[in-house]
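A quick write-up on the structure given underneath.
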Amino acid sequence: MMELDRALGYAALCCCAWQLAAAFAAGSARGGHRLPPVPKSLSSGAGHMDVTRRFFVTSHGLALYVRKWLPRFDCAPRGLVFLLHGLGEHGGRYDHVARQLAKQGFAVFAVDHQGHGMSDGERMYAGKLLHLTEDYMEFVRHVLHGPGAEGNKNANVIDGELEAHADVAWSDLPRFLLGHSMGGIMTLQLVELSQQQSLSWNGAIVCSPPLWGVPGGGCSFFLRFLAWLLPRSHLPGFEFEKLGDNCEEYNRWARDSLLPNHGSTLQLMCSLLCEGERLSLPDSELAKTFTVPLYMLHGELDTLAYPQGSVNFYTACTQKDKTLRLVPKAVHEVLNLEGNEKVVQELVDWMEAQIK
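Following numbering that gives the first Met the number 0, the numbering of the sequence shown begins with 0 at its first residue and continues without gaps.
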(Lines of atoms letter the chains of each structure in order from A and count residues from 1; the text may use other names and numbers.)
(Lines give C-alpha, C1' and ligand atoms only; values in the text may rest on other atoms or scores of the structure.)
Protein backbone atom coordinates (compact mmCIF):
# COMPACT_ATOMS: atom_id res chain seq x y z
CA MET A 1 0.00 0.00 0.00
CA MET A 2 1.24 3.46 -0.79
CA GLU A 3 3.25 5.09 1.98
CA LEU A 4 2.96 1.88 3.99
CA ASP A 5 6.64 2.04 4.90
CA ARG A 6 6.16 5.56 6.23
CA ALA A 7 3.13 4.43 8.21
CA LEU A 8 5.04 1.48 9.59
CA GLY A 9 7.93 3.71 10.51
CA TYR A 10 5.53 5.95 12.36
CA ALA A 11 4.10 2.92 14.13
CA ALA A 12 7.55 1.76 15.14
CA LEU A 13 8.48 5.14 16.59
CA CYS A 14 5.23 5.19 18.56
CA CYS A 15 5.81 1.76 20.04
CA CYS A 16 7.25 2.91 23.33
CA ALA A 17 7.91 0.66 26.27
CA TRP A 18 4.53 1.34 27.83
CA GLN A 19 2.78 0.26 24.62
CA LEU A 20 4.74 -2.94 24.56
CA ALA A 21 3.81 -3.71 28.14
CA ALA A 22 0.16 -2.90 27.48
CA ALA A 23 0.05 -5.07 24.39
CA PHE A 24 1.43 -8.10 26.16
CA ALA A 25 -0.74 -7.47 29.21
CA ALA A 26 -3.86 -7.38 27.06
CA GLY A 27 -2.97 -10.59 25.22
CA SER A 28 -5.81 -12.84 24.31
CA ALA A 29 -7.74 -11.74 27.38
CA ARG A 30 -9.05 -8.68 25.57
CA GLY A 31 -12.57 -9.61 24.60
CA GLY A 32 -15.20 -8.22 22.34
CA HIS A 33 -16.93 -4.87 22.55
CA ARG A 34 -20.37 -3.82 23.62
CA LEU A 35 -22.60 -3.84 20.59
CA PRO A 36 -23.99 -0.41 19.68
CA PRO A 37 -27.76 0.00 19.44
CA VAL A 38 -29.36 -1.28 16.26
CA PRO A 39 -30.32 1.64 13.99
CA LYS A 40 -33.72 1.91 12.39
CA SER A 41 -34.12 0.20 9.06
CA LEU A 42 -33.41 2.33 6.01
CA SER A 43 -35.89 0.40 3.92
CA SER A 44 -37.91 1.96 1.16
CA GLY A 45 -41.15 0.31 0.18
CA ALA A 46 -40.88 1.83 -3.27
CA GLY A 47 -37.72 -0.06 -4.12
CA HIS A 48 -37.07 -3.08 -1.95
CA MET A 49 -37.16 -4.38 1.58
CA ASP A 50 -34.08 -3.87 3.74
CA VAL A 51 -33.95 -5.77 7.02
CA THR A 52 -30.97 -5.18 9.30
CA ARG A 53 -32.10 -6.53 12.66
CA ARG A 54 -30.48 -9.94 12.82
CA PHE A 55 -27.22 -11.41 14.09
CA PHE A 56 -25.48 -14.56 12.92
CA VAL A 57 -23.58 -16.44 15.63
CA THR A 58 -20.45 -18.22 14.40
CA SER A 59 -19.20 -21.57 15.64
CA HIS A 60 -16.74 -19.58 17.78
CA GLY A 61 -19.58 -17.70 19.47
CA LEU A 62 -19.09 -14.31 17.78
CA ALA A 63 -22.24 -12.37 16.88
CA LEU A 64 -21.93 -10.97 13.35
CA TYR A 65 -24.34 -8.28 12.25
CA VAL A 66 -26.40 -9.33 9.23
CA ARG A 67 -27.59 -6.93 6.54
CA LYS A 68 -30.09 -7.97 3.89
CA TRP A 69 -31.52 -6.17 0.90
CA LEU A 70 -34.31 -8.11 -0.76
CA PRO A 71 -36.52 -7.48 -3.80
CA ARG A 72 -40.08 -6.32 -3.29
CA PHE A 73 -42.63 -8.82 -2.04
CA ASP A 74 -44.14 -9.07 -5.53
CA CYS A 75 -40.76 -9.79 -7.14
CA ALA A 76 -39.26 -13.24 -6.61
CA PRO A 77 -35.45 -13.09 -6.20
CA ARG A 78 -33.63 -14.23 -9.33
CA GLY A 79 -30.16 -14.38 -7.85
CA LEU A 80 -28.10 -14.08 -4.68
CA VAL A 81 -25.21 -11.69 -4.07
CA PHE A 82 -22.96 -12.12 -1.04
CA LEU A 83 -21.26 -8.79 -0.37
CA LEU A 84 -17.93 -8.53 1.50
CA HIS A 85 -16.81 -5.11 2.75
CA GLY A 86 -13.25 -3.87 3.15
CA LEU A 87 -10.88 -3.24 6.03
CA GLY A 88 -12.31 -0.98 8.75
CA GLU A 89 -15.68 -0.74 7.00
CA HIS A 90 -19.08 -2.33 7.44
CA GLY A 91 -21.71 -3.64 5.06
CA GLY A 92 -23.84 -0.51 5.39
CA ARG A 93 -21.33 1.51 3.37
CA TYR A 94 -22.55 -0.39 0.30
CA ASP A 95 -26.22 0.30 0.88
CA HIS A 96 -26.45 2.17 -2.44
CA VAL A 97 -24.91 -0.77 -4.31
CA ALA A 98 -27.17 -3.32 -2.62
CA ARG A 99 -30.29 -1.21 -3.22
CA GLN A 100 -29.53 -0.99 -6.93
CA LEU A 101 -29.04 -4.76 -7.09
CA ALA A 102 -32.23 -5.44 -5.11
CA LYS A 103 -34.28 -3.20 -7.38
CA GLN A 104 -33.19 -5.42 -10.26
CA GLY A 105 -34.21 -8.63 -8.55
CA PHE A 106 -31.08 -9.72 -6.69
CA ALA A 107 -31.18 -10.62 -3.01
CA VAL A 108 -28.10 -9.18 -1.31
CA PHE A 109 -26.65 -10.53 1.94
CA ALA A 110 -23.75 -9.19 3.97
CA VAL A 111 -22.28 -9.46 7.44
CA ASP A 112 -20.02 -7.02 9.22
CA HIS A 113 -16.80 -8.99 9.67
CA GLN A 114 -15.69 -9.76 13.21
CA GLY A 115 -14.12 -6.68 14.78
CA HIS A 116 -15.91 -4.41 12.29
CA GLY A 117 -19.10 -2.36 12.24
CA MET A 118 -21.86 -3.74 14.46
CA SER A 119 -20.27 -7.17 14.90
CA ASP A 120 -18.59 -8.62 17.94
CA GLY A 121 -14.83 -9.05 18.20
CA GLU A 122 -11.74 -7.00 18.93
CA ARG A 123 -11.62 -3.94 16.69
CA MET A 124 -9.82 -4.65 13.42
CA TYR A 125 -7.93 -7.59 14.86
CA ALA A 126 -7.74 -11.23 13.81
CA GLY A 127 -4.97 -13.78 14.11
CA LYS A 128 -5.47 -14.56 10.42
CA LEU A 129 -7.55 -13.03 7.67
CA LEU A 130 -8.71 -16.58 6.99
CA HIS A 131 -10.63 -16.50 10.27
CA LEU A 132 -12.90 -13.77 8.85
CA THR A 133 -13.31 -15.74 5.63
CA GLU A 134 -14.23 -18.92 7.47
CA ASP A 135 -16.87 -16.92 9.40
CA TYR A 136 -18.30 -15.78 6.09
CA MET A 137 -18.34 -19.30 4.68
CA GLU A 138 -20.39 -20.39 7.71
CA PHE A 139 -22.84 -17.58 6.96
CA VAL A 140 -23.05 -18.52 3.27
CA ARG A 141 -23.88 -22.11 4.11
CA HIS A 142 -26.49 -20.94 6.61
CA VAL A 143 -28.23 -18.81 3.98
CA LEU A 144 -28.14 -21.61 1.42
CA HIS A 145 -29.07 -24.53 3.65
CA GLY A 146 -30.56 -23.16 6.89
CA PRO A 147 -29.49 -23.69 10.50
CA GLY A 148 -28.70 -27.39 10.15
CA ALA A 149 -26.52 -28.63 12.98
CA GLU A 150 -26.34 -25.12 14.43
CA GLY A 151 -29.68 -25.71 16.12
CA ASN A 152 -31.88 -22.70 16.83
CA LYS A 153 -29.25 -20.07 17.58
CA ASN A 154 -29.41 -18.78 13.98
CA ALA A 155 -32.90 -19.95 13.07
CA ASN A 156 -34.23 -16.39 12.69
CA VAL A 157 -31.50 -14.95 10.47
CA ILE A 158 -33.38 -15.52 7.23
CA ASP A 159 -37.08 -15.78 8.05
CA GLY A 160 -38.98 -13.59 10.53
CA GLU A 161 -40.99 -10.89 8.82
CA LEU A 162 -39.84 -11.94 5.35
CA GLU A 163 -42.90 -14.12 4.84
CA ALA A 164 -43.23 -13.31 1.15
CA HIS A 165 -39.77 -14.81 0.53
CA ALA A 166 -39.87 -17.43 3.28
CA ASP A 167 -40.50 -20.24 0.78
CA VAL A 168 -37.60 -19.32 -1.53
CA ALA A 169 -35.11 -22.14 -2.07
CA TRP A 170 -32.01 -19.97 -1.78
CA SER A 171 -29.64 -22.80 -2.67
CA ASP A 172 -31.35 -23.20 -6.06
CA LEU A 173 -30.75 -19.58 -7.11
CA PRO A 174 -27.71 -18.38 -9.08
CA ARG A 175 -25.18 -16.97 -6.61
CA PHE A 176 -22.37 -14.47 -6.78
CA LEU A 177 -19.62 -13.08 -4.58
CA LEU A 178 -18.89 -9.33 -4.54
CA GLY A 179 -15.94 -8.17 -2.45
CA HIS A 180 -14.17 -4.82 -2.15
CA SER A 181 -10.52 -4.33 -1.08
CA MET A 182 -9.92 -6.71 1.85
CA GLY A 183 -13.29 -8.19 0.91
CA GLY A 184 -11.83 -8.82 -2.55
CA ILE A 185 -9.03 -10.91 -1.07
CA MET A 186 -11.63 -12.71 1.06
CA THR A 187 -13.66 -13.35 -2.10
CA LEU A 188 -10.68 -15.12 -3.64
CA GLN A 189 -10.22 -17.08 -0.41
CA LEU A 190 -13.90 -18.06 -0.50
CA VAL A 191 -13.52 -19.33 -4.05
CA GLU A 192 -10.52 -21.35 -2.88
CA LEU A 193 -12.47 -22.80 0.06
CA SER A 194 -15.51 -23.43 -2.15
CA GLN A 195 -13.46 -25.41 -4.65
CA GLN A 196 -12.16 -27.55 -1.80
CA GLN A 197 -15.70 -28.06 -0.44
CA SER A 198 -17.51 -28.52 -3.80
CA LEU A 199 -19.58 -25.35 -3.48
CA SER A 200 -20.27 -23.77 -6.87
CA TRP A 201 -20.64 -20.09 -7.78
CA ASN A 202 -21.99 -18.39 -10.89
CA GLY A 203 -19.45 -15.62 -10.61
CA ALA A 204 -16.99 -13.73 -8.42
CA ILE A 205 -16.59 -9.94 -8.58
CA VAL A 206 -13.35 -8.68 -7.05
CA CYS A 207 -12.98 -4.91 -6.56
CA SER A 208 -9.69 -3.16 -5.70
CA PRO A 209 -8.00 -6.17 -4.05
CA PRO A 210 -4.62 -5.47 -2.36
CA LEU A 211 -2.82 -8.13 -4.36
CA TRP A 212 0.00 -5.65 -4.91
CA GLY A 213 0.05 -3.67 -1.71
CA VAL A 214 3.38 -1.92 -2.08
CA PRO A 215 5.52 -1.55 -5.23
CA GLY A 216 7.75 -4.58 -5.61
CA GLY A 217 6.18 -6.77 -2.94
CA GLY A 218 3.51 -7.47 -0.37
CA CYS A 219 4.33 -8.19 3.25
CA SER A 220 7.75 -6.85 4.25
CA PHE A 221 9.99 -8.39 6.90
CA PHE A 222 9.60 -5.16 8.90
CA LEU A 223 5.82 -5.55 9.01
CA ARG A 224 6.08 -9.22 9.93
CA PHE A 225 8.42 -8.34 12.78
CA LEU A 226 6.17 -5.58 14.11
CA ALA A 227 3.12 -7.83 13.86
CA TRP A 228 4.93 -10.47 15.88
CA LEU A 229 6.10 -7.91 18.43
CA LEU A 230 2.93 -5.83 18.76
CA PRO A 231 0.08 -7.71 17.08
CA ARG A 232 -2.68 -5.56 18.59
CA SER A 233 -1.09 -2.14 18.04
CA HIS A 234 -2.95 0.01 15.52
CA LEU A 235 -1.56 1.67 12.42
CA PRO A 236 -2.61 5.23 11.55
CA GLY A 237 -5.84 5.51 9.59
CA PHE A 238 -5.97 6.18 5.86
CA GLU A 239 -6.51 9.65 4.44
CA PHE A 240 -9.83 9.89 2.63
CA GLU A 241 -8.13 11.39 -0.43
CA LYS A 242 -6.58 8.00 -1.09
CA LEU A 243 -9.96 6.29 -0.83
CA GLY A 244 -12.04 8.51 -3.09
CA ASP A 245 -12.78 11.97 -4.42
CA ASN A 246 -16.56 12.07 -4.04
CA CYS A 247 -17.53 15.00 -1.77
CA GLU A 248 -20.90 13.48 -0.89
CA GLU A 249 -19.21 10.20 0.00
CA TYR A 250 -16.66 12.06 2.13
CA ASN A 251 -19.44 13.67 4.18
CA ARG A 252 -21.09 10.28 4.66
CA TRP A 253 -17.75 8.74 5.61
CA ALA A 254 -16.95 11.52 8.09
CA ARG A 255 -20.33 11.16 9.84
CA ASP A 256 -20.21 7.37 10.07
CA SER A 257 -19.89 6.49 13.76
CA LEU A 258 -19.14 2.84 12.93
CA LEU A 259 -15.87 3.72 11.20
CA PRO A 260 -12.85 3.67 13.55
CA ASN A 261 -10.58 6.69 14.01
CA HIS A 262 -7.52 4.45 13.73
CA GLY A 263 -6.13 1.98 11.23
CA SER A 264 -5.83 -1.77 11.29
CA THR A 265 -3.97 -3.73 13.92
CA LEU A 266 -0.54 -4.80 12.77
CA GLN A 267 -1.52 -8.46 12.87
CA LEU A 268 -4.54 -8.15 10.59
CA MET A 269 -2.70 -5.86 8.16
CA CYS A 270 0.21 -8.29 8.02
CA SER A 271 -2.10 -11.24 7.39
CA LEU A 272 -3.99 -9.32 4.68
CA LEU A 273 -0.85 -8.34 2.77
CA CYS A 274 0.74 -11.77 3.16
CA GLU A 275 -2.40 -13.39 1.80
CA GLY A 276 -2.49 -10.95 -1.11
CA GLU A 277 1.15 -11.79 -1.80
CA ARG A 278 0.43 -15.53 -1.74
CA LEU A 279 -2.50 -15.24 -4.13
CA SER A 280 -0.63 -13.00 -6.57
CA LEU A 281 2.51 -15.12 -6.98
CA PRO A 282 3.22 -16.05 -10.64
CA ASP A 283 2.70 -19.72 -9.79
CA SER A 284 -0.40 -19.12 -7.64
CA GLU A 285 -2.25 -22.40 -7.28
CA LEU A 286 -5.60 -20.60 -7.13
CA ALA A 287 -4.97 -18.72 -10.38
CA LYS A 288 -4.09 -22.00 -12.10
CA THR A 289 -7.20 -23.81 -10.85
CA PHE A 290 -9.79 -20.99 -10.80
CA THR A 291 -13.14 -22.44 -11.90
CA VAL A 292 -15.50 -19.51 -11.27
CA PRO A 293 -16.31 -16.78 -13.85
CA LEU A 294 -14.26 -13.77 -12.74
CA TYR A 295 -14.84 -10.01 -12.98
CA MET A 296 -12.03 -7.80 -11.66
CA LEU A 297 -12.67 -4.08 -11.12
CA HIS A 298 -9.93 -1.62 -10.18
CA GLY A 299 -9.27 2.12 -10.30
CA GLU A 300 -6.32 3.07 -12.49
CA LEU A 301 -5.08 5.62 -9.92
CA ASP A 302 -5.48 3.41 -6.84
CA THR A 303 -2.48 3.92 -4.55
CA LEU A 304 -3.77 1.87 -1.61
CA ALA A 305 -4.02 -1.36 -3.56
CA TYR A 306 -2.14 -0.99 -6.81
CA PRO A 307 -4.03 -2.11 -9.95
CA GLN A 308 -1.00 -4.07 -11.10
CA GLY A 309 -2.05 -6.78 -8.65
CA SER A 310 -5.37 -7.25 -10.43
CA VAL A 311 -3.62 -7.21 -13.80
CA ASN A 312 -1.19 -9.90 -12.63
CA PHE A 313 -3.90 -12.16 -11.22
CA TYR A 314 -6.10 -11.70 -14.28
CA THR A 315 -3.19 -12.61 -16.55
CA ALA A 316 -2.28 -15.70 -14.51
CA CYS A 317 -5.88 -16.89 -14.10
CA THR A 318 -6.61 -19.85 -16.38
CA GLN A 319 -10.40 -19.33 -16.21
CA LYS A 320 -11.48 -18.46 -19.75
CA ASP A 321 -14.57 -16.53 -18.63
CA LYS A 322 -12.81 -13.54 -17.09
CA THR A 323 -13.07 -9.76 -17.36
CA LEU A 324 -10.72 -7.00 -16.21
CA ARG A 325 -12.17 -3.48 -15.93
CA LEU A 326 -9.74 -0.67 -15.08
CA VAL A 327 -11.68 2.52 -14.32
CA PRO A 328 -9.90 5.62 -15.70
CA LYS A 329 -9.00 8.38 -13.18
CA ALA A 330 -10.51 6.34 -10.33
CA VAL A 331 -8.80 5.68 -7.00
CA HIS A 332 -9.53 2.96 -4.43
CA GLU A 333 -13.28 3.07 -3.84
CA VAL A 334 -14.55 2.33 -7.33
CA LEU A 335 -18.04 1.54 -6.02
CA ASN A 336 -18.33 4.95 -4.35
CA LEU A 337 -17.42 7.16 -7.30
CA GLU A 338 -19.62 9.97 -8.53
CA GLY A 339 -21.88 8.29 -11.05
CA ASN A 340 -21.27 4.88 -9.45
CA GLU A 341 -24.65 3.73 -10.75
CA LYS A 342 -23.03 3.12 -14.15
CA VAL A 343 -20.28 0.99 -12.61
CA VAL A 344 -22.79 -1.04 -10.59
CA GLN A 345 -24.98 -1.48 -13.67
CA GLU A 346 -22.00 -2.97 -15.48
CA LEU A 347 -21.76 -5.54 -12.70
CA VAL A 348 -25.50 -6.26 -12.98
CA ASP A 349 -25.20 -6.73 -16.75
CA TRP A 350 -22.29 -9.12 -16.25
CA MET A 351 -24.19 -11.16 -13.65
CA GLU A 352 -27.24 -11.33 -15.90
CA ALA A 353 -25.06 -12.67 -18.70
CA GLN A 354 -23.84 -15.42 -16.36
CA ILE A 355 -27.34 -16.69 -15.57
CA LYS A 356 -28.92 -16.55 -19.02
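C-beta: ideal position from N, C-alpha, C; glycine also.
Rounded to a whole number of angstroms, what is the C-alpha to C-alpha distance between Q318 and D119? If you draw a straight line from the Cα of Q318 to the Cα of D119, it comes to about 37 Å.
Expressed to the nearest angstrom, what Euclidean distance is found between the alpha-carbon atoms of R71 and K102? Using only the alpha carbons, I get a separation of about 8 Å.
Using a Cβ distance threshold of 8 Å, determine whether the region 109-117 contacts the region 281-292, with at least three qualifying pairs required. Output reads no: the region 281-292 does not touch the region 109-117.
Taking the alpha helix (DSSP H) that T132 belongs to, which residues open and close that run? Counting along the chain, the unbroken alpha helix (DSSP H) around T132 starts and ends at 128-144.
Using only the alpha-carbon positions, how far apart do I354 and L100 sit? One C-alpha to the other measures close to 15 Å.
Please identify the residue among A106, H84, N260, A97 whose C-alpha is closest to the C-alpha of R77. Of A106, H84, N260, A97, the residue nearest in Cα terms is A106.
Use the C-beta contact count for F220: other C-beta atoms within 10 angstroms, 16 or more gives buried, fewer gives exposed. Exposed.
Could you tell me the distance, in whole angstroms, from the CA atom of R251 to the CA atom of I204? Their Cα atoms are separated by approximately 25 Å.
Quick check: V310 and L323, are their CB atoms within less than 8 Å of each other? Against a cut-off of 8 Å, the Cβ pair of L323 and V310 comes out as a contact.
Return the bridge partner residues of A62 from the DSSP annotation. In the DSSP output, where bridge partners are listed per residue, A62 has V56.
Kindly confirm or deny that the region 326-345 and the region 86-98 touch, where touching means at least three C-beta pairs closer than 8 Å. Touching, yes.
Could you tell me if P281 is buried or exposed, where buried requires 16 or more neighbouring beta carbons within 10 angstroms of its beta carbon? Its Cβ having fewer than 16 others within 10 Å, P281 is exposed.
C-alpha gap between M181 and D166, whole angstroms: Taking the straight line joining both Cα atoms gives about 33 Å.
Between L63 and the rest of its own chain, which residues show a CB-CB distance below 8 Å, the 5 nearest in sequence each way excluded? Leaving aside the five residues that flank L63 on each side, the residues in its chain whose CB is nearer than 8 Å to its CB run, in chain order, F54, F55, V56, T57, V110, D111, H112, Q113, S118, D119, D134, F138.
V343 (DSSP reduced to helix, strand or coil): It is helical.
Closer than 7 Å by C-beta to S170: which residues in its own chain qualify, once you throw out the five before and the five after it? Chain order, please. Cβ neighbours of S170 beyond the five flanking positions: L143, H144.
Using the DSSP secondary-structure output, state which residues sit across from V291 in a beta bridge. DSSP lists no beta-bridge partner residue for V291.
So is G60 buried or exposed if we call it buried at 16+ other beta carbons inside 10 Å? Under this definition G60 is an exposed residue.
To the nearest angstrom, report how far apart R98 and E121 are at their CA atoms. A direct Cα-to-Cα measurement between R98 and E121 gives close to 29 Å.
C206 in three-state terms, based on DSSP: Correct three-state label for C206: strand.
Report the option in G126, V96, K67, M350 whose CA atom is closest to the CA atom of W227. It is G126.
Go through its chain and collect everything with a Cβ distance to N260's Cβ below 7 Å, but skip five positions before and after it. The beta carbon of N260 sits closer than 7 Å to the beta carbons of G236 from its chain, once the five residues preceding and following it are set aside; these are given in chain order.
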